[in-house]
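K.L.:
Residue numbers (our numbering), protein chains in the order written: chain A, 1 to 251; chain B, 252 to 502.
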DNA sequence: TAATTGCGTGCAATATACTGCACTAACAAG
DNA sequence: CTTGTTAGTGCAGTATATTGCACGCAATTA
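1) Report buried or exposed for residue 90(A), applying the criterion of at least 16 other Cβ atoms within 10 angstroms of its Cβ.
2) Mapping DSSP to helix, strand and coil, what is residue 500(B)?
3) Quick check on the burial criterion: 16 or more other C-beta atoms within 10 angstroms. Buried or exposed for residue 459(B)?
4) On the criterion of 16 or more Cβ atoms from any shown chain inside 10 Å, does residue 52(A) qualify as buried, or is it exposed?
5) At a CB-CB cut-off below 7 Å, which residues of chain B make contact with residue 137(A)?
6) Does residue 1(A) pass the burial test, meaning 16 or more other C-beta atoms within 10 Å, or should it be called exposed?
7) Report yes if the CB atom of residue 166(A) is closer than 8 Å to the CB atom of residue 195(A), and no otherwise.
8) Please classify residue 398(B) as buried or exposed, where buried requires at least 16 other C-beta atoms within 10 Å of its C-beta.
9) Can residue 357(B) and residue 347(B) be called in contact, C-beta distance under 8 Å?
10) Could you tell me whether the Cβ of residue 2(A) comes closer than 8 Å to any Cβ of chain B?
11) Rounded C-beta distance between residue 116(A) and residue 133(A)? I'm assuming under 8 Å.
12) Could you tell me which whole beta strand (DSSP E) segments of length 3 or greater appear in the segment 163-238 of chain A?
13) Starting from residue 263(B), trace the beta strand (DSSP E) both ways and give me its first and last residue.
14) To which residues of the same chain is residue 230(A) closer than 8 Å at the C-beta, ignoring the five residues directly before and after it?
15) What first and last residue would you give for the alpha helix (DSSP H) that runs through residue 41(A)?
16) Have a look at 221(A), 20(A), 29(A), 164(A) and flag the residue whose alpha-carbon is nearest the alpha-carbon of residue 193(A).
17) Compare the C-beta of residue 353(B) with all C-beta atoms of chain A and state if any pair is closer than 8 Å.
18) What's the C-alpha gap between residue 21(A) and residue 378(B)?
19) Shorter than 8 Å from the beta carbon of residue 401(B) to some beta carbon of chain A?
20) In three-state DSSP terms, what is residue 402(B)?
21) Along chain B, in chain order, which residues have C-beta atoms closer than 7 Å to that of residue 125(A)?
22) Could you pull out every residue in the same chain whose Cβ sits closer than 8 Å to the Cβ of residue 8(A), ignoring the five residues on either side in sequence?
23) Ordered along the chain, which non-local residues of its own chain (more than five positions away) have a Cβ less than 8 Å from that of residue 498(B)?
24) Is DSSP giving residue 328(B) helix, strand or coil here?
25) Residue 111(A) CB to nearest chain B CB: under 8 Å?
26) Note down, in chain order, all residues in the segment 288-311 of chain B with a beta-carbon under 8 Å from any beta-carbon belonging to chain A.
27) Output, in sequence order along the chain, the residues in the segment 262-283 of chain B whose CB is closer than 9 Å to any CB in chain A.
28) Report the residue from 144(A), 188(A), 220(A) whose alpha carbon sits nearest the alpha carbon of residue 177(A).
29) In three-state terms, what does DSSP make of residue 50(A)?
30) Just by C-beta distance, which residues in the segment 157-183 of chain A are closer than 7 Å to chain B?
31) Name the residue from 473(B), 467(B), 466(B), 461(B) whose alpha carbon lies nearest to the alpha carbon of residue 487(B).
32) From the DSSP output, in three-state form, read off residue 308(B) for me.
33) Are the C-beta atoms of residue 380(B) and some chain A residue less than 8 Å apart?
34) For a quick check, are the C-beta atoms of residue 143(A) and residue 388(B) less than 8 Å apart?
35) What number of angstroms, rounded off, separates the C-alpha of residue 361(B) from the C-alpha of residue 50(A)?
This is the structure we're talking about:
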């Protein structure tokens with residue numbers, strides 16, 4: 001494995017997990033810890049990460065809370081992202097929601113995928129720089145620092161002018177009766193605009209999102225065409241969704 | 252086998268495998284490693300791939316040029332950013348251009364600055380998450396992976412609806428006669444829109460930008476109200492700009 | 001105190017890269 | 001046809017990069 005390739009891999013791991021350990025990297029990349037330490041030192045000198053005892057952390061605490069969230073339960077998110085990616089076909093126009101799960105999806109795309117990806121999440125746009133064949137459309141608006149997405153009238157308006165094949169929607173609350181809901185009114189508006197702009201809507205929901213409801217309604221279950229979730233979710237919980245004709249993928 | 256043919260083959264392999272090794276290419280294409288290395292060097296110069304020890308990797312603007320560029324000559328950039336920040340007042344609406352220098356500016360803002368910052372650079376928006384008192388407006392559009400900014404009609408149009416107090420402009424070429432110019436037509440349009448939307452325009456230019464010109468004109472010197480540059484730039488070079496009534500800050 | 005862990009440095013071995021030079025083939029000008 | 005020019009190639013020698021190892025240091029823990 002090339003040196004530069006290994007360092008890219010380290011950066012990717014760091015971005016994905018929010019931290020890296022020298023010992024773990026040494027094992028997973030099959031080089032000595034000395035080499036890893038040297039890599040980390042170099043990358044730190046280049047300002048690409050922050051060196052700490054035992055490993056390294058992302059350089060910008062900016063995305064700290066964001067990256068932190070990304071750490072928790074990353075196993076399930078990883079599986080969901082993997083499964084979701086398989087729904088994508090060449091040359092499609094795809095809308096990607098914000099959030100950590102969707103960032104995972106962006107990072108798991110096939111390297112040679114040729115497609116147009118529309119997103120209102122700056123971190124996702126940046127992550128997609130890695131893919132030479134993907135055209136990225138960034139939707140503007142007021143920037144929500146907590147969610148790391150744009151929101152507001154400009155965002156909703158921009159989505160109005162787009163007709164996408166596929167939309168990947170991050171789900172906060174999903175309930176058989178209530179439908180899709182969320183904790184922010186602005187976020188709900190944006191998600192509605194995304195749904196309205198796409199032919200097929202894929203919901204990405206980890207296990208704990210089921211049977212919960214939040215104050216602001218995004219839409220009904222009938223808005224969804226696919227639902228990607230964890231394998232651990234029992235069949236009886238999924239039954240109402242199946243009844244709606246939603247294609248269920250248990251990752 | 253023709254040279255051009257071989258190089259196309261290299262690019263294809265790179266595209267397929269995500270990396271190429273000089274030794275392997277030498278064997279599979281039946282030429283010496285020197286020839287392969289020459290090919291890789293040429294292709295790297297042409298910006299088609301990124302040369303690394305042992306072979307080459309796909310050119311990924313995010314990791315390669317942007318982060319790397321942020322490294323180079325960061326001393327001067329740092330000083331310029333520091334000086335530029337002092338032009339900002341509380342509660343202003345400020346447009347921030349893309350580019351590494353402007354990212355530096357974003358990272359050097361006072362912690363408690365209360366302001367609205369408008370930018371078409373996703374990395375800058377993310378960096379501004381740090382500042383609790385700053386409202387960030389992200390301008391959307393087609394995402395330019397190399398420059399890490401949005402461009403195109405949507406970007407220009409969005410700037411039209413904004414009246415800012417201050418605009419910080421990254422400068423690529425500055426010439427007493429030609430004015431402000433750049434290498435990308437799209438970028439020139441966006442910069443023009445930024446200038447048109449701001450009451451005061453601050454140009455940020457490191458020493459090597461002076462006396463150079465590029466194909467696409469952004470505007471004339473009279474568009475500028477301030478010019479922040481390095482202390483090392485001699486007074487006689489700055490004279491024409493002073494004559495225009497531009498306030499010069501030598502950081 | 002002793003053991004452990006992570007860190008940094010110097011060293012040697014190997015792999016890779018660059019430089020200058022000579023050779024070839026294609027091609028244009030005389 | 002001959003000659004000069006150019007681009008492309010390979011080779012030899014030298015320079016640089018990368019890596020793992022041995023060793024000592026510092027901080028933490030048993």
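Even glycine gets a Cβ: it sits at the ideal position worked out from N, Cα and C.
P.N.:
Once the coordinates are examined:
1) Taking the first residue of the first chain as 1, we reach residue 90(A) at position 90. So residue 90(A) ends up on the exposed side.
2) Within the second chain, the letter at position 249 stands for residue 500(B). Assignment of residue 500(B) by DSSP, reduced to helix, strand and coil, places it in the strand class.
3) Reading the second chain from its first residue, position 208 is the one you call residue 459(B). Under this definition residue 459(B) is an exposed residue.
4) The residue you call residue 52(A) lines up with position 52 of the first chain. Flag for residue 52(A) reads exposed.
5) Here residue 137(A) refers to the residue found at position 137 of the first chain. Those within 7 Å of residue 137(A) in chain B are 393, 394.
6) Residue 1(A) sits at position 1 when you count from the first residue of the first chain. Exposed.
7) Residue 166(A) sits at position 166 when you count from the first residue of the first chain. Residue 195(A) sits at position 195 when you count from the first residue of the first chain. Not closer than 8 Å, so no.
8) The residue labelled residue 398(B) in the question sits at position 147 within the second chain. It counts as buried.
9) Along the second chain, read from residue 1 onward, the residue named residue 357(B) stands at position 106. Along the second chain, read from residue 1 onward, the residue named residue 347(B) stands at position 96. Result yes, Cβ atoms of residue 357(B) and residue 347(B) sit closer than 8 Å.
10) As a first step, residue 2(A) is located in the first chain; it is residue number 2 there, counting from the start. Closer than 8 Å: yes.
11) Sequence index remark: in the first chain, residue 116(A) carries index 116 (1-based). Sequence index remark: in the first chain, residue 133(A) carries index 133 (1-based). Between residue 133(A) and residue 116(A) the Cβ distance is about 10 Å, and since that is not below 8 Å, they are no contact.
12) 164-170, 173-175, 179-182, 198-204, 216-219, 226-229
13) On the second chain, residue 263(B) is found 12 positions in, with the first residue counted as 1. Looking at the DSSP string, residue 263(B) is not in any beta strand (DSSP E); the run it does join, the alpha helix (DSSP H), is 254-268.
14) Mapped onto the first chain, residue 230(A) falls at position 230. Within the same chain, residue 230(A) has close Cβ partners 76, 79, 80, 206, 207, 250, 251.
15) Along the first chain, one-based indexing puts residue 41(A) at 41. Element bounds for residue 41(A): 33-45.
16) Along the first chain, read from residue 1 onward, the residue named residue 193(A) stands at position 193. If we check each option's Cα against that of residue 193(A), 164(A) comes out closest.
17) Along the second chain, one-based indexing puts residue 353(B) at 102. Output row for residue 353(B): interface = no.
18) Here residue 21(A) is taken as the residue at index 21 of the first chain, counted from 1. Here residue 378(B) is taken as the residue at index 127 of the second chain, counted from 1. Roughly 25 Å separates the two Cα atoms.
19) For the purposes of this step, residue 401(B) is identified with residue 150 of the second chain, where counting begins at 1. Yes, residue 401(B) counts as interfacial toward chain A.
20) By one-based count along the second chain, residue 402(B) stands at place 151. The answer is strand: DSSP assigns residue 402(B) an E or B state.
21) Against the first chain, residue 125(A) aligns to sequence position 125. Simply 373, 394.
22) Indexing the first chain from 1 puts residue 8(A) at position 8. None.
23) The residue labelled residue 498(B) in the question sits at position 247 within the second chain. So the list reads 476, 477, 478, once near-sequence residues are dropped.
24) By 1-based counting over the second chain, the position of residue 328(B) is 77. Of the three classes helix, strand and coil, the one that applies to residue 328(B) here is helix, per DSSP.
25) Here residue 111(A) corresponds to residue number 111 of the first chain, with the count starting at 1. Yes, contact with chain B.
26) 301, 303, 304, 305, 306, 308, 309, 310, 311
27) Result list: 266, 267, 269, 270, 272.
28) Residue numbering aside, residue 177(A) sits at position 177 when the first chain is read from its first letter. Here the closest residue by C-alpha is 220(A).
29) Taking the first residue of the first chain as 1, we reach residue 50(A) at position 50. If DSSP states are grouped into helix, strand and coil, residue 50(A) belongs with the strands.
30) 158
31) Here residue 487(B) refers to the residue found at position 236 of the second chain. In this structure, 461(B) is the residue among 473(B), 467(B), 466(B), 461(B) with its C-alpha nearest to the C-alpha of residue 487(B).
32) Position 57 of the second chain, counted from the start, is the residue given in the question as residue 308(B). Here residue 308(B) sits in strand by DSSP.
33) Here residue 380(B) refers to the residue found at position 129 when the second chain is read from its first residue. Among the residues facing chain A, residue 380(B) is included, as its CB has a counterpart in that chain under 8 Å away.
34) The count along the first chain starts at 1 and reaches residue 143(A) at position 143. The count along the second chain starts at 1 and reaches residue 388(B) at position 137. The answer is yes: Cβ separation under 8 Å.
35) Residue 361(B) sits at position 110 when you count from the first residue of the second chain. Residue 50(A) sits at position 50 when you count from the first residue of the first chain. For residue 361(B) and residue 50(A), the distance between alpha carbons rounds to 22 Å.
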